[in-house]
Structure formats: structure tokens, C-alpha cells
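Here the structure is laid out as C-alpha cells; the discussion comes afterwards.
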Amino acid sequence: MQNYNIIGKPVVKINGRDIVRGKSKYGSDFSFPGMLFAKTCRCSFPYAKVNKIEISKAAKLNGVVAVATAKDIPGVNLHGFSVLDQPVLVAEGETAKMVGDPIAVVAAVSEEIAEQAVKLIDIEYKQRDPIYDPEEVLKSPEKYKIHHTAFCGSYDFEAGDIKKGIDAADFIVEDKYNLPIQEHAYIETESGVAVPGDDGSITIIAGGQDPYYVRYSIAKSLGLKETSIRCIIPEMGGSFGGKQQISVQILIALLALKTSRPVKMVWTREESMLVHAKRHPGSVKHKFGATKDGKITFMQVEYLLDGGAYGATSPNVTFWMGAHFAGPYKIHNISIHGKAVYTNNPVSAAFRSMGGLQATLVTELQIDRLAKRLQMDPIKFREINFLIQGDKPVLHGICLNDSKVTVGEVLNKALNRIGPRHSVSTTTRKMGRGIALGMPLYDVGGELSMGLRGVGATIEFFRDGSVEVRSGSVDMGTGLNTVLAQIAANEFGLKVEDIKVISADSQRTAKMGRTVASRGAYTSGNAVIIAAQELKKRLAEVAAHKFGSYPKTASLVFSDGNIYDSQAKNKVISLAEIADFCYLNGINLVANSWFIPDHASLGHTFAAAVIDVEVNIETGETTILNCVIAHDSGRVLNPLNAKAQLIGAGIQGIGYALMEKMVVSEGQLKTTTLHDYLIPTSLDIPKIDVVFIEEPSRTGPYGAKGLGEHGIFVTAPALLNAIASAIDRNVIEFPTTPDIVYRILKGKSMN
Amino acid sequence: MKALTKQNWHIVLNGQDVSREIEPSMLLVDVLRNEIGLTGTKIGCGKGDCGACSVIVDGSLVYSCLIPALAVNGKSIQTIEGLSKDKDLHPIQQAFLDVGAVQCGFCTPGMIMAVKCLLDKNPKPTELDIREAISGNLCRCGSYSFIIEAVNLITSREAQHAKL
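As given, the protein sequences belong to chains D and R, one line each in that order.
The first sequence begins at 3 in this note's numbering and counts up one residue at a time.
The second sequence begins at 74 in this note's numbering and counts up one residue at a time.
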């Protein structure tokens with residue numbers, strides 16, 4: 003029975019007090035007695051064989067306690083989320099494949115000494131001919147492969163008859179879009195501490211999105227049993243997919259075990275920007291057409307992604323991108339083929355939406371262009387082609403019947419909220435409105451990704467009636483732990499403050515796969531409900547005994563920390579009393595759950611964005627006047643969290659489309675600071691309005707759906723469509739920095 | 074490299090006298106975090122780009138990652154830890170929580186100090202005043218509009234309080 007007193011309420015973050023007082027500890031905030039500081043010696047070349055590593059000078063420096071190379075790695079000298087091909091430390095005789103590859107690590111009594119020691123390490127390289135252009139790799143994969151294969155991702159999907167679709171089209175739009183890199187730019191760089199135990203065990207405290215993956219990787223590389231490794235994910239300063247991969251964890255574990263002392267590693271901003279995997283750059287050839295009445299007859303897409311030096315999560319991104327091109331549209335004749343290839347560029351991997359943003363963006367830009375060719379209103383053109391309830395989805399077992407919301411409804415809500423346009427264009431300032439729609443998918447069943455299937459939660463009542471929820475999911479700033487506390491509090495009739503949440507501690511919490519793909523609240527939330535209901539059954543039975551009404555428990559209600567009999571007002575017993583009784587009478591106060599959805603693996607939502615812009619055609623500058631995001635969220639569990647997630651993702655999408663430019667030249671990252679790589683500031687983004695459409699999901703916890711990534715799918719294309727409309731040009735190149743807008747203005751007009 | 078000679082250093086930190094012996098090369102943020110153990114002030118870039126290290130020195134907002142500690146010898150410094158007394162939160166901290174302006178929280182200490190600096194000088198800021206005051210603080214989670222809402226909530230609560 004759900005009274006919804008807490009669900010759907012703007013409950014303040016349970017860890018909020020500590021954060022605002024500066025008491026929360028992030029990876030770089032931990033200190034332990036005798037702690038050493040680690041720095042990494044990195045490869046300066048994009049593709050070079052390491053002939054010799056000379057560490058003796060570094061090792062002799064006063065204050066240096068240890069220098070480690072690949073020789074110190076007893077197990078597998080590789081890591082990688084979906085592809086095991088990235089070296090922990092490049093060994094002598096092996097080849098580094100990107101600038102920044104780690105070759106040696108130093109542990110010293112201070113960061114400064116560690117840095118000096120790194121400079122004293124001499125590496126003898128034999129440079130090889132690097133390959134930077136994915137198109138060249140695709141043309142000659144055997145010649146240019148830098149691993150045993152040239153490919154780190156592949157996606158192929160065909161349905162219907164493309165030729166028939168092309169023949170049936172009266173108008174076709176075809177173009178090639180270049181996808182820029184995007185840097186996660188989380189304000190906290192990769193950091194953590196490894197603490198060795200007296201018994202040969204090791205504890206790692208470092209940001210990441212999956213403590214079990216980290217544990218497994220350390221065990222594999224350092225030749226340890228997983229039972230001697232504990233991975234704790236502390237408070238994190240943002241991740242957005244960027245901290246999924248191994249960063250500091252194996253190296254600090256290695257040094258901690260070697261020195262028998264705690265070891266801390268904190269990446270500098272430059273190091274972080276250089277080394278960690280970023281959003282895939284690449285290109286998309288997108289061709290589609292419609293009849294003159296506006297019915298889309300086919301879509302044909304070929305895309306090529308630059309996976310960079312290592313596989314990381316390229317297979318996942320390649321799939322996820324392909325899965326999103328069709329969007330919320332009915333397209334019977336469809337051909338989507340994509341590949342990711344290895345190059346000696348910096349590695350690419352997951353970033354909020356896993357490729358879904360790029361696919362949605364290209365399709366939405368193309369739709370506006372085709373609408374213009376058809377001389378049809380872009381909204382009407384979309385409406386004619388919407389998927390509706392009961393439609394067989396284009397791809398992959400998506401359950402379109404999870405709720406009754408239609409994509410048209412979501413678009414209308416966004417349009418109603420933003421209202422009519424007020425500003426009028428002048429000769430130098432052009433106004434434009436752009437819309438974009440998406441059908442973001444979220445992976446709850448984990449069938450498509452290894453290791454995601456099965457999500458556990460544990461709830462324990464202590465003898466005094468206090469409650470602990472233990473979940474393997476990671477609250478990386480999303481407020482997930484708060485939502486889990488709300489769910490438990492709602493189930494047991496307690497206050498949120500009564501629930502303690504322990505999360506992402508491999509020694510204490512149940513496995514949940516990784517916290518990705520907007521699946522955290524959906525899967526862990528369901529897991530907590532299942533565990534709660536099992537425990538409630540036991541507690542209610544005890545209460546029924548006490549009330550003399552056993553085995554009847556149907557009239558029992560959990561509320562205000564008590565169990566009441568709704569049919570006998572004088573019958574009330576506190577949960578604390580019941581817990582004490584259970585403890586003393588052998589009734590198990592712990593419930594473990596294991597959630598696997600019994601339906602299609604992928605959940606879906608609809609999202610829409612409408613953006614109004616003003617473009618100064620003398621300077622090329624774009625000002626965003628208004629932005630609304632509408633989202634089919636199912637039931638919103640916590641409006642503070644949900645709004646923040648949609649808006650935050652929306653802003654990252656705006657950044658991608660408008661201003662975030664990463665420059666890589668000959669494998670070298672040129673933009674390595676936050677003043678070269680510009681992310682939106684308070685002066686760049688207006689207030690963004692969010693509309694939730696709360697038609698409950700049939701399967702989500704209390705009807706909730708995933709939403710963490712979904713804002714990013716639609717703001718980027720809506721912005722570009724708005725600019726295109728304002729300046730009456732096709733926008734193919736982005737980010738639309740002023741120089742690019744200026745260049746577009748000099749080009750052809752839309753046709 | 075020889076360690077440079079340590080020098081006497083004294084500041085008033087969050088209202089308390091604090092003395093240390095520090096090297097001239099030490100940055101204020103490192104002294105706060107490592108020597109004194111106040112890790113609420115964060116390092117996001119080490120270059121004065123992100124504002125996560127913002128503290129208040131003699132009433133002005135300063136990037137502590139750019140300042141050698143000796144440069145503030147004798148001055149009065151306020152960090153995030155100095156805002157709340159015992160159990161009560163400062164109104165700025167409470168407002169941030171109430172409107173949901175805290176996502177990952179890493180930019181939060183710097184943002185709160187920027188807001189404090191603003192409100193100390195300008196108790197009734199316009200939206201543009203607020204945006205400019207926090208324009209040197211990056212938030213990748215995208216909480217800017219929530220922070221503006223928090224400041225508006227503070228000023229309206231102040232007005233309520235003043236009426237009583």
C-alpha cells in the first residue's frame with residue numbers, strides 16, 4: 003500500500019548537509035597516516051614502442067619510496083570495460099598507442115617530490131607511424147589496425163526494403179555530419195586512495211561507476227582474490243560516464259601493496275583531460291526521404307566513430323548510437339550501419355547518452371531540412387510520422403506499451419509551456435525557434451550489456467528499530483541514495499531521516515552492475531521495494547501475533563514508525579519493539595532482493611525540447627532566450643533531483659552544440675584546460691523550464707522511468723535547429739561557435 | 074631540491090587565530106586542505122578556471138589555488154567550514170539544500186562562498202548580479218538556475234525575517 007507522502011516530494015538530499023558544510027569527503031579529501039602521493043610518467047607520443055624504461059635516478063631521489071613499472075604487475079597488464087586492451091602500465095617491448103599512456107608510477111612523501119621523480123624517469127622510444135583518420139582505417143583495416151583488429155564497435159540493422167523506400171520518396175535529404183569530441187569536464191578530477199590492510203587486503207576509495215568492476219580489475223591485474231579487495235565509491239564530483247573506466251585504482255593498489263603504505267593519486271586537470279576517455283568524434287552519413295504528403299519512406303545511415311587508442315566502451319556506444327537514429331518515428335524501410343575503429347587519437351568512450359545524443363541530433367537536424375524541402379511545418383512533418391501505442395518498434399524489443407504517453411503529447415506540453423514567440427528579428431539580430439524530439443532508451447534488463455543483468459538490494463532492521471538500506475548503485479551526484487531512502491521510508495512508514503543508505507561498497511552492498519544508462523533509480527528502486535515487501539511481511543506477521551490476529555495481516559498498516567491495525571484502533575506496536583522481538587526470537591531482520599525485469603530489456607521515454615535563440619549575424623554569437631524540456635518521466639520520485647538531472651543534461655547538450663570545442667592535432671590534445679575548453683557558465687544559460695509528463699510506467703518503482711541522461715538528447719538538436727531557423731541556413735557544423743556561424747552565413751541558404 | 078626555509082604564517086581563519094610554519098611555495102589551497110585539514114575547499118583545475126577553490130579573504134572572493142599562502146599572511150580568511158556554527162546551517166547553506174541546488178556538490182563550497190561574498194556587499198541582488206557573481210564558478214552538473222533560485226529564496230526569507 004503506498005501513501006505517497008514521501009514519493010514525489012522535493013525531499014532534501016540526505017547527504018546534503020555534509021556537502022554544504024564542506025564535510026563530505028571526495029576521493030582527494032581522504033588522508034591516512036603514513037600516506038604517500040603518486041604521480042604517473044606518461045608517454046609523450048601517439049604511437050611508440052617503449053624500448054627502455056630507466057627508473058634508477060627517480061628511485062634514488064630523496065623522498066621517493068617506490069617506482070613501479072609493468073614488471074611489478076603480477077597479473078594481467080590490461081583493463082577495459084567492454085574490451086580488455088588498455089595497458090595498466092606500458093611494458094618495455096610493448097607499444098604505447100596514445101599520448102598519455104602510463105609507463106611508470108612513483109610513490110613519494112609529497113606530490114612535489116613525486117612530480118620531480120617522474121621527470122627523472124628516462125624512456126627510450128621507437129616511434130611508429132601513427133594513424134589518426136578513421137576513414138583511412140576503414141578503407142584499409144588490415145594496414146592500419148593498431149590492435150589485432152581495426153574495429154572496436156559494430157552495428158548493423160536492416161528492415162524493410164531500402165530501394166523501395168528510396169524510389170517511393172519525392173524528396174530526399176542527404177548529408178554528412180561531423181561529430182565533435184566532448185570532454186566530460188567534471189569539476190572533480192580522477193582521484194583516490196588505496197589503503198593496505200595488515201592481512202594482505204587492500205581497500206580502494208576512488209570515484210567510479212561500478213565498485214565490482216574495479217574490484218575485479220584489480221584482482222585480475224594484481225593476482226589477488228577478489229575477497230581481499232574492498233572498493234568503496236565515495237562522494238563524487240560528477241562522472242557523466244567518464245569515470246566508468248579504470249583511472250587511478252589499479253595503480254594506487256599496486257603502489258600501496260608494494261610500499262605497505264596508503265597511497266593517494268589525484269589527476270591534474272590537464273592529465274584528466276588528456277587521459278580519460280571522451281565522447282566519440284566521428285561522422286554520420288544520413289540520408290532519408292519522404293513523399294510529398296510528408297510520410298517518411300526510408301532512412302539510411304552509415305556512421306563511423308573514432309574509438310581512439312583503446313576499445314573501452316566503444317562497442318556499447320556504437321550500438322546505442324545506432325539504436326537511436328530512428329527516434330520516435332515510424333520508418334519501415336531502414337538501414338543503419340556503424341563502425342568504431344581504433345586510431346592513435348585519445349581514447350573515446352561513454353558520455354551521457356552513450357551515442358544517443360549524436361544520433362538524435364543528426365536525425366532531428368535532417369527532419370527540419372526535409373520539412374523545409376517539403377514546405378511543411380516541421381512540427382506537422384514530425385506528427386505525420388510519430389510512432390503510436392501498439393506500433394511495432396523499429397528496434398530491439400522495446401516495450402512501447404509500458405505507459406500510455408505519446409510523443410505528440412510530450413511535444414505539445416513543451417510548446418504550451420514555452421508559449422508563443424515574442425521577439426522580433428532586426429537586420430542584425432535574427433530570432434529563431436527550434437524543436438527536437440527524441441526517444442531515449444534506458445537499459446534496465448542488462449541483456450544487451452554484459453554484467454548488467456540482476457540488481458540487488460539489502461534492507462536490514464537493527465534491534466533498536468533503525469534501518470539500513472544497502473545498494474550497489476552509485477550516487478554520483480544524481481541524488482539516487484536520497485530516492486532509495488524515500489522508497490524505504492515510504493514502504494515502512496518511516497521518515498527519510500530514519501533510513502541510512504550505504505551504497506557502492508563492494509564489501510557491504512549487493513551487486514547492481516554499473517550505474518549507467520539511466521537505470522539507477524529504476525533497477526535499484528525496484529530492488530529496494532522487493533526487499534522491503536519481504537521484510538514487511540515478516541514484521542507484519544509478528545505484529546499480527548502480538549495483536550492476536552495472526553495469520554490475518556491484510557488490515558495492518560505501516561505508518562509513523564508503527565504498525566497499526568486499521569480495523570482495531572487500539573492495536574498499535576512500534577517497529578522498534580517488533581525489531582527487538584525479532585532479534586530475540588530468531589526472526590531474520592535482513593532481506594535481500596534480486597531484481598530482473600520480466601519484460602523487454604530496454605525502457606523508453608519520449609523527450610522534447612523547444613529553444614528560442616537570437617543570433618547576432620555581425621558577430622556570429624548566439625544568445626539562448628528560452629528553453630523548455632518536456633519529458634515522459636513516469637512517476638517523478640523526487641522533483642528536485644529529476645529537474646536537476648534533466649536541466650543538467652540539457653545544459654551539457656547545449657554546450658556540445660554551442661561552445662565546447664576540443665582540439666586534437668596529430669594525436670595531441672591541444673585543449674587541456676578549462677579556459678581553452680569552454681563549458682557553459684552562469685552567463686551562458688538562461689533558466690530552463692522542465693515539464694514532466696507523469697503517466698506511470700507499468701514496471702518502474704512506483705511508476706518511475708529512467709531520466710538521468712535524457713535531457714541531453716534533445717537540447718543540442720533543438721538549439722541547432724533554432725540557429726538554422728534564425729539565420730535561414732543549414733547547420734551541419736557544430737559546435738556553432740561564432741566563427742562557425744559566421745562561416746555558415748557566408749554559405750548557401752537552406753534548400 | 075632543497076626545501077625552502079619555512080616562514081611564520083598567521084591568519085584569522087573562520088574567526089580563529091591560526092599559525093603555521095610554511096614554505097613560500099605553498100599555495101593557500103594546499104595549506105588549507107593539507108596543513109590545516111579543511112578539505113571543504115576543493116581543487117578542480119589548479120589554474121583559476123573553475124572556482125572550486127574560492128574562499129573569502131578580507132571580504133573579497135579569491136581563488137585559493139592561485140595565491141601563495143604567504144601572500145595572505147595576517148589576513149582574515151573565511152572558508153566553507155566557517156559558515157555554520159554547530160548544528161545550524163547558514164541561511165545560504167539551507168537555501169541551497171531547500172531548492173535542490175546541490176547535485177554532485179563539488180562546486181558547492183566555492184559557489185556558496187561566491188554567494189556569501191555577493192550578499193555581504195549587495196543584500197538585494199538582481200538576477201544579473203547573481204549570474205555575474207557566480208560567473209567565475211563552473212558547475213558541470215548545471216545547477217546555475219537553482220543557485221539563483223537559492224539566492225532569491227534567501228533574500229525573500231531575509232525580508233520575511235525583517236518583518237517580524
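Backbone N, C-alpha and C define an ideal beta-carbon position, used for all residues, glycine too.
Source: prediction; values computed, not measured.
Burial state of Gln302 of chain D is buried, judged by a 10 Å Cβ sphere holding 16 or more other Cβ atoms. Going by beta carbons, Phe353 of chain D and Gly244 of chain D fall inside the 8 Å limit.
For Val665 of chain D, there is no enclosing beta strand (DSSP E), as DSSP marks it with neither H nor E.
Taking a C-beta distance under 8 Å as the contact criterion, Glu662 of chain D and Tyr679 of chain D qualify as a contact pair. At a cut-off of 8 Å between C-beta atoms, Lys158 of chain R does not count as an interface residue with respect to chain D. Nearest in C-alpha terms to Arg44 of chain D, of all of D:Glu126, D:Gly82 and D:Lys11, is D:Glu126. In the DSSP annotation of this structure, Val426 of chain D is not part of any alpha helix (DSSP H), being labelled neither H nor E.
Leu685 of chain D counts as exposed, since fewer than 16 other C-beta atoms from the protein chains shown sit within 10 angstroms of its C-beta. Within chain R, the residues whose beta carbon sits less than 7 Å from that of Gly240 of chain D are Cys177, Phe179, Arg213 and Cys214, listed in sequence order. Counted as a single uninterrupted DSSP element, the alpha helix (DSSP H) harbouring Phe715 of chain D occupies residues Gly713 to Ile729. DSSP places Met301 of chain D inside the beta strand (DSSP E), whose first and last residues are Ile298 to Gly310. Between Tyr331 of chain D and Phe388 of chain D a beta carbon distance of about 7 Å is seen, short of the 8 Å cut, so the two are scored as contacting. Closer than 8 Å to the CB of Pro12 of chain D there is at least one CB belonging to chain R. With contacts defined by Cβ atoms closer than 8 Å, His326 of chain D and Phe242 of chain D do not form a contacting pair. Chain R places no beta carbon closer than 8 Å to that of Gln251 of chain D, leaving this residue out of the contacts. Between Ile742 of chain D and Ile729 of chain D, the C-beta gap is not smaller than 8 Å, which leaves the two residues out of contact.
In the structure shown, Cys126 of chain R adopts coil according to DSSP, grouped into three states. Sixteen is the threshold: since fewer than 16 other Cβ atoms of the shown chains lie within 10 Å of the Cβ of Tyr552 of chain D, the residue is exposed. The beta carbons of Ile252 of chain D and Met267 of chain D sit no closer together than 8 Å. From the listed residues D:Val469, D:Gly225, D:Pro182 and D:Trp269, the smallest Cα separation to Lys538 of chain D is found for D:Val469. When C-alpha distances from Ile501 of chain D are compared across D:Gly563, D:Pro442 and D:Ala546, the shortest belongs to D:Gly563. Taking one beta carbon from each stretch, the segment 487 to 504 of chain D and the segment 198 to 218 of chain D have fewer than 3 pairs nearer than 8 Å; the two do not touch. Taking 8 Å as the CB threshold, Arg204 of chain R lines the interface with chain D.
Bounds of any beta strand (DSSP E) do not take in Ala72 of chain D, whose DSSP letter is neither H nor E. Shown here is that no member of the segment 619 to 638 of chain D has a Cβ falling below 8 Å from a Cβ of chain R. Under the Cβ criterion (8 Å, minimum of three pairs), the segment 9 to 19 of chain D counts as touching the segment 632 to 652 of chain D. Residue-level contact check: Ala279 of chain D does not touch chain R, since none of the beta carbons of chain R fall below 8 Å from its beta carbon. With a cutoff of 8 Å on beta-carbon distance, Gly605 of chain D and Val446 of chain D are scored as near each other. Counting only residues of its own chain and dropping the five nearest sequence neighbours on each side, Ile140 of chain R has a CB closer than 7 Å to the CB of Leu100 and Leu101. CA-to-CA, the gap between Ile227 of chain R and Phe694 of chain D works out to about 27 Å. By the Cβ rule, the segment 616 to 633 of chain D does not count as touching the segment 193 to 207 of chain R, because fewer than three pairs are nearer than 8 Å.
In this structure, Gln151 of chain R sits away from Ser216 of chain R, with a CB-CB distance that is not shorter than 8 Å. Burial is judged here by how many other beta carbons sit within 10 angstroms of a residue's own beta carbon; Leu237 of chain R has fewer than 16 and is exposed. If the five residues before and after Cys123 of chain R are omitted, its C-beta is found closer than 6 Å to the C-beta atoms of Gly117 and Leu211, all from its own chain and listed in chain order. Here DSSP, grouped into helix, strand and coil, assigns Tyr146 of chain D to helix. Trp322 of chain D carries a helical assignment under DSSP once its states are collapsed to helix, strand and coil.
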